[in-house]
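As given, the protein sequences belong to chains A and B, one line each in that order. If you're matching positions, the first sequence starts at 4 in our numbering and goes up one per residue. If you're matching positions, the second sequence starts at 4 in our numbering and goes up one per residue. Accompanying notes for the structure given below.
2 protein chains.
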Amino acid sequence: MKEFIEHFKRLTQVSEKLEKELLSRVVSIVVDKGEFLHKADSICKKTYWIKTGLLRTYYLKGGNEITDVFASEGEWITSTQSFMKNEPDQYYLQAIEKSKAYALSIDDLMFLFENFHEMEKFGRISMSIYYIQLSEKLESYQFTTAKDKYAHFCKVYNSILHRLPLGMVASYIGITQETLSRVRKEL
Amino acid sequence: MKEFIEHFKRLTQVSEKLEKELLSRVVSIVVDKGEFLHKADSICKKTYWIKTGLLRTYYLKGGNEITDVFASEGEWITSTQSFMKNEPDQYYLQAIEKSKAYALSIDDLMFLFENFHEMEKFGRISMSIYYIQLSEKLESYQFTTAKDKYAHFCKVYNSILHRLPLGMVASYIGITQETLSRVRKEL
DNA sequence: GAAATCCTTTGATATAGATCAAAAAATTAA
DNA sequence: TTAATTTTTTGATCTATATCAAAGGATTTC
Numbered sequence: 004m005k006e007f008i009e010h011f012k013r014l015t016q017v018s019e020k021l022e023k024e025l026l027s028r029v030v031s032i033v034v035d036k037g038e039f040l041h042k043a044d045s046i047c048k049k050t051y052w053i054k055t056g057l058l059r060t061y062y063l064k065g066g067n068e069i070t071d072v073f074a075s076e077g078e079w080i081t082s083t084q085s086f087m088k089n090e091p092d093q094y095y096l097q098a099i100e101k102s103k104a105y106a107l108s109i110d111d112l113m114f115l116f117e118n119f120h121e122m123e124k125f126g127r128i129s130m131s132i133y134y135i136q137l138s139e140k141l142e143s144y145q146f147t148t149a150k151d152k153y154a155h156f157c158k159v160y161n162s163i164l165h166r167l168p169l170g171m172v173a174s175y176i177g178i179t180q181e182t183l184s185r186v187r188k189e190l
Numbered sequence: 004m005k006e007f008i009e010h011f012k013r014l015t016q017v018s019e020k021l022e023k024e025l026l027s028r029v030v031s032i033v034v035d036k037g038e039f040l041h042k043a044d045s046i047c048k049k050t051y052w053i054k055t056g057l058l059r060t061y062y063l064k065g066g067n068e069i070t071d072v073f074a075s076e077g078e079w080i081t082s083t084q085s086f087m088k089n090e091p092d093q094y095y096l097q098a099i100e101k102s103k104a105y106a107l108s109i110d111d112l113m114f115l116f117e118n119f120h121e122m123e124k125f126g127r128i129s130m131s132i133y134y135i136q137l138s139e140k141l142e143s144y145q146f147t148t149a150k151d152k153y154a155h156f157c158k159v160y161n162s163i164l165h166r167l168p169l170g171m172v173a174s175y176i177g178i179t180q181e182t183l184s185r186v187r188k189e190l
């Protein structure tokens, strides 16, 4: 619980009242490897803060799984489009490893945003950081080789690289597994 | 000025006090076609809300201009990375057409975030929308043909398509001008 | 600990789109 | 309006990476 509150404090002040409200609304969950926290065509009502483990979101294209997001210890993950728009989407949220997390519902999150300016600040700054990260990923895509894309990926995901199957990494950076296998051999 | 405040009201409440603060901090500017509001290797201190006209951001890669963002009437544009991190970046912010805009400095923006919960809410929701749009763009990239990328672009930028030079569109969607020219011929 | 399943590598071939070069069209400037 | 500049199109060629197919490793499961 402590690291959870600490993680908010890195971006904003956390009053005792907010801390109490946060802790009372959050629910501990456990998922086994391969299990799902959300599936396509349904509405994702929760966002998860990972205590231990590793998860990803992906969608299907032409029968292949395209990984969209990886998240590990200390990070948030949800099926973003569904969670934010309150609509079904085409994403799956799956545990890559057995994981423990805190779940927070969209309703509780909205309550906290409405009632705590500090929480709203946390939300704004978090979204800004995610936006910048995504635009850096996009930039690493445009007019670059498979090797460059992989190099950028390694820089960003260095700490969890060895825990990710090659096929998931390949689809995340937009190349085939075969190509990634050959790129790796060269390095 | 009215549309400017209206645009905030679409995402949040705007108290009279916030409205007054906003209007007193904002500065009207005009840029001619081709002129710059920010250049690489400098810090971008302002964000712009466009009254009329059309602007873009781009960066250089191998001597080519890669367009990153287009924005027109009623939209915000800035050199995002520099503005948010308060650091120099590699982007240019340029007018595609003669444009009129309101400029808001990062310091004023931060003042408004700190002092108005409603403004913080506006920031959070705006960033969420930008994030989702960017992830949709990225999705339209992964394992798709030049034709599919262009089709997605046309859907999103339908209203300003005819005002954008082909070369800028091509670099935005990550293909060469020659390829885009051939794709267009087919449609 | 053997069988089954899943993940990664290797090889051969095909292809979408890049690159290079130059002509044609459209804008802008004088 | 003509000249100059910029943008777009067209053609020929090349290449990185996809695709298809199959073998080799590694994990999981019972």
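All C-beta atoms in this analysis are idealised placements derived from N, C-alpha and C, irrespective of residue type, glycine included.
Taking all protein chains in view, the Cβ of residue 31/A is surrounded by fewer than 16 other Cβ atoms within 10 Å, so the residue is classified as exposed. By the Cβ-count criterion, residue 75/B is buried, with 16 or more other Cβ atoms from all chains shown falling within 10 Å of its own Cβ. CA-CA distance, residue 88/A to residue 127/B, rounds to 14 angstroms.
Taking a contact as a CB-CB distance under 8 angstroms, the pair residue 21/A and residue 119/A counts as one, their CB atoms being some 5 angstroms apart.
With a threshold of 16 other beta carbon atoms within 10 Å, residue 110/A falls short and is exposed. With 16 or more other Cβ atoms from the protein chains shown falling within 10 Å of its own Cβ, residue 59/B counts as buried.
The beta-carbon separation of residue 49/A and residue 108/A, rounded to 5 angstroms, stays under the 8 angstroms limit for a contact. Annotated three-state conformation of residue 102/A is strand, per DSSP.
Beta-bridge partners of residue 108/B (DSSP): 49/B. It is roughly 46 angstroms from the alpha-carbon of residue 99/B to the alpha-carbon of residue 98/A. For residue 160/A and residue 183/A, the gap between their C-alpha atoms comes out near 16 angstroms.
The Cβ of residue 144/A sits closer than 8 angstroms to at least one Cβ of chain B. Cα atoms of residue 47/B and residue 65/A: separation of roughly 42 angstroms, rounded to the nearest angstrom.
Between residue 80/B and residue 51/B, the gap from beta carbon to beta carbon is short of 8 angstroms. In terms of beta-carbon proximity, residue 86/B stays away from the interface with chain A, with every pair separated by 8 angstroms or more.
In this structure residue 41/B touches residue 95/B by the C-beta definition: roughly 7 angstroms separates them, less than 8 angstroms. Only exposed fits residue 35/B, as fewer than 16 other CB atoms lie within 10 angstroms of its CB. Taking a C-beta cut-off of 7 angstroms against chain A, the contacting residues of the stretch 165 to 190 of chain B are 177, listed in chain order. Around the C-beta of residue 90/A, fewer than 16 other C-beta atoms lie within 10 Å, and the residue is accordingly described as exposed. In this chain, residue 178/B is not harboured by any beta strand (DSSP E), its DSSP state being neither H nor E. Taking each of 71/B, 177/B, 57/B, 169/B in turn and checking the Cα distance to residue 188/B, the smallest one comes out for 169/B. Cβ-Cβ separation between residue 135/A and residue 84/B: approximately 6 angstroms, consistent with a contact (criterion under 8 angstroms). From the listed residues 33/A, 77/A, 13/A, the smallest Cα separation to residue 124/A is found for 13/A.
Nearest CB-CB separation between residue 116/B and chain A: below the 8 angstroms threshold. When rounded, the separation of the alpha-carbon atoms in residue 86/B and residue 112/B is 11 angstroms. Contact annotation: residue 121/A and residue 18/A have beta-carbon atoms nearer than 8 angstroms.
Residue 9/B and residue 114/A have their C-alpha atoms some 25 angstroms from each other. Identification of residues in the stretch 131 to 143 of chain A having a C-beta nearer than 9 angstroms to some C-beta of chain B yields 131, 132, 133, 134, 135, 137, 138, 139, 140, 141, 142, given in sequence order. Within the model, the alpha-carbon separation for residue 78/A versus residue 53/A is close to 6 angstroms. Counting every other CB atom within 10 Å of its CB across the protein chains shown gives residue 174/A a total of 16 or more, marking it as buried. Rounded to whole angstroms, the separation of the alpha carbons of residue 25/A and residue 56/B is 45 angstroms. In terms of beta-carbon proximity, residue 80/A stays away from the interface with chain B, with every pair separated by 8 angstroms or more. At a cut-off of 8 angstroms between beta-carbon atoms, residue 15/A makes no contact with chain B. The straight-line gap separating the alpha-carbon atoms of residue 37/B and residue 70/A is approximately 39 angstroms. Excluding its 5 nearest sequence neighbours in each direction, residue 116/A has C-beta neighbours in its own chain below 8 angstroms: 122, 123, 126, listed in chain order.
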